[in-house]
Structures are given as C-alpha cells and as structure tokens.
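Structure first, then comments.
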Amino acid sequence: MASSNASAKPLRTGLLLGASTVELVGAGTACALALAALLGRAPGKLAAAVAIVLGGALLVHALAVTLRWKAVTAGGLIERYDRRSVGVSFAVDATAGAVVASLGILVVAGVVSERMLPLGAIVLGVAMLFGGAAQPQLTQVVAHRDTPVQDLAAHILVASDGLVTLGGLFAVTVGTFASLGIGPVLLLTLAGELGIAVVMLLVGGTLAARFADLATERP
745 MASSNASAKP LRTGLLLGAS TVELVGAGTA CALALAALLG RAPGKLAAAV
795 AIVLGGALLV HALAVTLRWK AVTAGGLIER YDRRSVGVSF AVDATAGAVV
845 ASLGILVVAG VVSERMLPLG AIVLGVAMLF GGAAQPQLTQ VVAHRDTPVQ
895 DLAAHILVAS DGLVTLGGLF AVTVGTFASL GIGPVLLLTL AGELGIAVVM
945 LLVGGTLAAR FADLATERP
C-alpha cells in the first residue's frame, strides 16, 4: 500500500501542477485582454474574449481535477477536508467555465448580443463563491516539504480564501448592475471579469509554485 501511494504521488503532483498552470496562464491572458479593453480597444470583442479565456481555463483546470479526482485524492489527508464537497465544488467550476466560454463564443460569433456578457461575470462570480474557495484545499492531497516556497504559498493560500469570496461577490454585484442597465454595461462587465482574473492569477500562480516545488522533491 505504501508503495502504491508513493508511486501515485508523482501522478497527483503532475496533474495538479498542469491544471494550476493552465489556470495561471489563462488568468494572466485574461488580465491582459481586460486591461486592453478598458483602454478602449474593441471592448465588446475583448470582453467576449476574456470570457472565453477565463471560462476555458476554469473548465480545463476543474475538469482535469474532477475526472481524475479519485487518483488525486488517493492517500490524501482526508481529515483536513471533505473530499465529496471539494469534488462537487470543482464540478461547479467546470460547469461554470463551460457556460461562460460558450457565452463568449456566441458573442464573438454574433449569435447573441454583447449585452449578455454580464451574465458571464455573474456565473464566474458564483463559481468563485461556491467552487473557487475549494482550490486551495488541493494542497492537502499531497504531503508537503518544509521549504520556504511551501511556507510562503501556505500563507498566501490561507489569505486568499477571503479574496476569492470578495472577488466572487464583486463580479456578481457588477454583473448584476450591468444586466439591469445600472451603469456602463461593458465597463462593469470588464471590471467583474478582471476581478475574477486577478483572483485566479493569485490562486493559480500560488498553487502552481507549490506543486512545482513538490515536483522537484527526490524520492
């Protein structure tokens, strides 16, 4: 059994590193696109592109973890969290990512109006509220070394719980205002998307750094 757990650890670490890196790259790209849109460069199309990138990154990250959830949690520290609730949270993230990415594609294709984009910000916000907060708990499924990188990442992840909640609330709020026509629609949508992108960038980057550090551990 010990040998099986030891051999499964590189798989878990590699899978989580890859998923977190996808989220990191997607969030970074979304931040750049959102900032460009806020500067007035084709804000409607770029807002849709941000939705596609954020939704796609969230979908790939959550789907990778969800589909291999049994392998990911094998030998994990189950006393630290509820496996089922975390698994459900990632399923919520995957669903939200698919919905938002699809909405962005439909807007780019001209099938639906850009005024539908605030719904994407709302969905992303809800995903952060109900699913995003589970991401830091991924670090509990593999044993950690006591290194400066691990210690710093642990403190950032603990602090990020509140930030994830605030980012979700912010996106839901501005998305709702935009949907109701209270204020500039695209500006509010981009603000909500940017808030989500910053949260994903922080959490994804921290998780990627932590798993990359674990991947360098010698057996």
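Everything in the sequence shown is counted per this note's numbering, starting at 745 for the first residue and increasing by one. Note that the Cβ used here is the ideal one computed from N, Cα and C, for glycine as well.
- Three or more Cβ pairs closer than 8 Å define a contact, and the stretch 940 to 948 falls short of that threshold against the stretch 923 to 930.
- By the Cβ neighbour-count rule, residue 862 is buried, with 16 or more other Cβ atoms within 10 Å of its own.
- Contact fails between the stretch 908 to 917 and the stretch 851 to 860, because fewer than three Cβ pairs, one in each stretch, are under 8 Å apart.
- For the alpha helix (DSSP H) assignment, the uninterrupted runs of no fewer than 4 residues enclosed by the stretch 826 to 877 are, from N- to C-terminal side, 827 to 852, 861 to 874.
- For residue 841 against residue 873, the beta-carbon gap comes to about 15 Å, at or over 8 Å, which does not count as contact.
- By the 16-neighbour rule on beta-carbons within 10 angstroms, residue 857 is exposed.
- Taking the C-beta atoms as reference points, residue 781 is found nearer than 8 Å to residue 791.
- By the neighbour-count criterion, in which 16 or more other beta carbons inside 10 Å mark a residue as buried, residue 927 falls on the exposed side.
- Cα atoms of residue 946 and residue 871: separation of roughly 16 Å, rounded to the nearest angstrom.
- For residue 866, the closest C-alpha among the options 935, 771, 778 is that of 935.
- With contacts defined by Cβ atoms closer than 8 Å, residue 774 and residue 797 form a contacting pair.
- DSSP, read as helix, strand or coil, puts residue 760 in helix.
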